[in-house]
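Structure record follows, encoded as structure tokens.
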Amino acid sequence: MGAVITFGPALVVVLAVLAGAGALVVRYGGLGRGRAVVVAAVRAVVQLALVSLVITAILRSGWLTGLFVLLMFGIAAVTSARRIGGSRAAKVLPWVAVAIAAGVAPVLGLVLAAGVVPFRPIAVVPIAGIVIGGAMTATSQASRRALDELKARHGEYEAALALGFTPRPAALEICRPSAGQALIPALDQTRTVGLVTLPGAYVGVLLGGASPVQAGMTQVLVLIGLVAAEAVSVLVAVELVAAGYVSRP
37 MGAVITFGPA
47 LVVVLAVLAG
57 AGALVVRYGG
67 LGRGRAVVVA
77 AVRAVVQLAL
87 VSLVITAILR
97 SGWLTGLFVL
107 LMFGIAAVTS
117 ARRIGGSRAA
127 KVLPWVAVAI
137 AAGVAPVLGL
147 VLAAGVVPFR
157 PIAVVPIAGI
167 VIGGAMTATS
177 QASRRALDEL
187 KARHGEYEAA
197 LALGFTPRPA
207 ALEICRPSAG
217 QALIPALDQT
227 RTVGLVTLPG
237 AYVGVLLGGA
247 SPVQAGMTQV
257 LVLIGLVAAE
267 AVSVLVAVEL
277 VAAGYVSRP
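Note that the working numbering has the sequence shown beginning at 37, numbered continuously upward.
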């Protein structure tokens with residue numbers, strides 16, 4: 037128990053200082069709205085508090101666990117659609133959901149079917165949450181990069197059409213390389229794990245009382261699963277952008 041972070045006044049103060057410092061840096065560094073940092077921090081606290089209150093009941097039921105995973109997926113799709121489509125979020129939402137699901141479903145299906153992750157709520161929920169979150173972020177980044185590239189290099193796109201390319205291949209020639217950069221964070225984290233960082237899954241399993249070897253196996257599974265899920269989601273997202281299904285106003 038000595039390794040567990042405990043709730044108390046010191047933790048509250050530290051969290052407030054970190055959130056405030058981040059907001060000030062963002063605001064006065066010209067990086068955006070400092071308020072966004074504070075709102076994100078407050079939402080994180082409130083949402084995790086609520087989840088902590090209901091998670092015990094959820095984990096007692098397989099059906100509730102399945103619904104909770106679907107809820108996580110739905111929120112991820114909505115969040116990504118808003119990030120990508122802006123006022124067109126509702127129109128791009130189904131396609132964004134397809135991109136995220138394309139990465140998440142095979143990875144979760146494989147690890148559960150193979151038995152490397154126990155088919156129990158306490159194991160399924162965190163793994164699903166990590167994979168869904170990674171696929172969501174990769175989809176958002178890849179789609180935004182692809183759309184930005186098509187806008188900035190519209191002249192090159194028109195030139196490709198003039199050379200005889202059809203719209204989809206022409207768009208892919210322009211946006212695919214930059215969209216692939218959305219995989220850089222996952223690849224870097226996987227390359228440097230244990231040397232630069234000890235990611236959350238490793239630390240969490242250790243704090244849960246498992247051995248370092250068990251924690252390491254869990255983290256490797258998570259990292260490689262994330263790379264696979266994000267790669268598929270990025271590929272599908274780029275194809276959907278090139279086909280015109282995912283666009284901005």
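Cβ coordinates follow ideal geometry from the N, Cα and C atoms, glycine included.
- Taking R204 as reference, the option from A218, A182, M108, G145 with the minimal CA-CA separation is A182.
- Annotated as proximal: I120 and R180, with beta-carbon spacing under 8 Å.
- When the Cα atoms are used, V50 and L208 turn out to be separated by approximately 46 Å.
- In the structure shown, V229 falls within a strand segment according to DSSP collapsed to helix, strand and coil.
- DSSP places V90 in the helix class (H, G or I) of the three-state scheme.
- Using a 10 angstroms sphere on the CB of Y193, the tally of other CB atoms reaches 16 or more, which defines it as buried.
- Boundaries for S97: no alpha helix (DSSP H) harbours it, and the DSSP string shows neither H nor E there.
- By the neighbour-count criterion, in which 16 or more other beta carbons inside 10 Å mark a residue as buried, V82 falls on the exposed side.
- The alpha-carbon of G65 is positioned some 13 Å away from that of R71.
- DSSP places L262 in the helix class (H, G or I) of the three-state scheme.
- For a cut-off of 8 Å, the C-beta gap from T175 to I136 is around 5 Å, short enough to register as a contact.
- The segment 270 to 279 and the segment 123 to 139 touch, with no fewer than 3 CB-CB distances between them shorter than 8 Å.
- Here R124 is not near S269, since their CB atoms are 8 Å or more apart.
- Per the C-alpha coordinates, the member of G98, L257, L271 positioned closest to A150 is L257.
- G68 carries a coil assignment under DSSP once its states are collapsed to helix, strand and coil.
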